[in-house]
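Worksheet: one structure, shown below.
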Amino acid sequence: MSEAWRKSGDAWYYLGDDGNMVKDSIVTVGDGIYYLDADGVMAANRWVLAKDIDDNDAWYYFGADGKAYKGRDGRVYTHEINGKRYLFDEEGVMQTGFFDAEGKAVEDDNPFKSAIYYFGDDGAMYADQWLLYSQVGENPGYSELG
319 MSEAWRKSGD
329 AWYYLGDDGN
339 MVKDSIVTVG
349 DGIYYLDADG
359 VMAANRWVLA
369 KDIDDNDAWY
379 YFGADGKAYK
389 GRDGRVYTHE
399 INGKRYLFDE
409 EGVMQTGFFD
419 AEGKAVEDDN
429 PFKSAIYYFG
439 DDGAMYADQW
449 LLYSQVGENP
459 GYSELG
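Numbering-wise, the working numbering comes out as the position in the sequence shown, counting from 1, plus 318.
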């Protein structure tokens, strides 16, 4: 049997190679990354907290077509969601912390010297606002999700 998408009403479902509906999982189909919830319904236009490839909790955003917003070509990319900019890696995981002009995480002792961008604990990019050193704590670039 082969993998396939099926639509019922307004919802999309994904059948795995065993013919069973995939539930509560992230799947890669073609060049897209999708999330199927506990009922097997494809997520669209919403944030999802799910396990990443390393089994860590991670935030993803799935657009109208159900595909995760993600980077490409080995780079991270920003996407605008509800008027705020967020940064995603190639696996679709939302990023937080300091980043340089090439989109690489800045993890040195003083990121204020070499970082260009800062994405807060909620993932939103700071723009036209102050960021106090005391706001980022002793481990800038690290954020607990949830």
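C-beta atoms are modelled at their ideal positions from N, C-alpha and C, and glycine is treated no differently.
Since we're looking at a predicted model, the values are computed, not measured.
For this session: Pull up the distance between the alpha-carbon of A376 and that of N363, whole angstroms please.
Result: Mapped onto the sequence shown, residue 376 falls at position 58. Mapped onto the sequence shown, residue 363 falls at position 45. Each residue's alpha carbon lies about 17 angstroms from the other.
Exercise. Given that a residue counts as buried once 16 or more other Cβ atoms are within 10 Å of its Cβ, and exposed if not, what is K388?
Worked result: The sequence position of residue 388 within the sequence shown is 70, counting from 1. When all chains shown are included, K388 counts as buried.
Exercise. Residues bridged to A500 by DSSP?
Worked result: Not covered by the structure: residue 500. The range shown for the chain is 319 to 464.
Exercise. With distances taken from CA atoms, which of N400, S320 and D440 is nearest V340?
Worked result: Residue numbering aside, residue 340 sits at position 22 when the sequence shown is read from its first letter. Residue S320 is the option with its Cα nearest to V340.
Exercise. Count the other CB atoms within 10 Å of the CB of A356; is the residue buried (16 or more) or exposed (fewer)?
Worked result: Along the sequence shown, one-based indexing puts residue 356 at 38. It counts as exposed.
Problem set entry | Straight-line Cα distance separating E420 from D411 | On the sequence shown, residue 411 is found 93 positions in, with the first residue counted as 1. On the sequence shown, residue 420 is found 102 positions in, with the first residue counted as 1. The amino acid occupying residue 411 in the given sequence is Val; Asp does not appear at that position. Their Cα atoms are separated by approximately 17 angstroms.
Problem set entry | Bounding residues of the beta strand (DSSP E) (the contiguous stretch that carries T396) | For the purposes of this step, residue 396 is identified with residue 78 of the sequence shown, where counting begins at 1. Element bounds for T396: Y395 to I399.
Exercise. For K325, is the classification buried or exposed, using 16 other Cβ atoms within 10 angstroms of its Cβ as the cut-off for buried?
Worked result: The count along the sequence shown starts at 1 and reaches residue 325 at position 7. Its Cβ having fewer than 16 others within 10 Å, K325 is exposed.
Problem set entry | Pairwise C-alpha distance: G337 and Y436 | As a position in the sequence shown, residue 436 is number 118, starting the count at 1. As a position in the sequence shown, residue 337 is number 19, starting the count at 1. Rounded to whole angstroms, Y436 to G337 spans 44 angstroms at the Cα level.
For this session: Could you check the C-alpha separation between R393 and L405 for me, to the nearest Å?
Result: Residue 393 sits at position 75 when you count from the first residue of the sequence shown. Residue 405 sits at position 87 when you count from the first residue of the sequence shown. About 10 angstroms.
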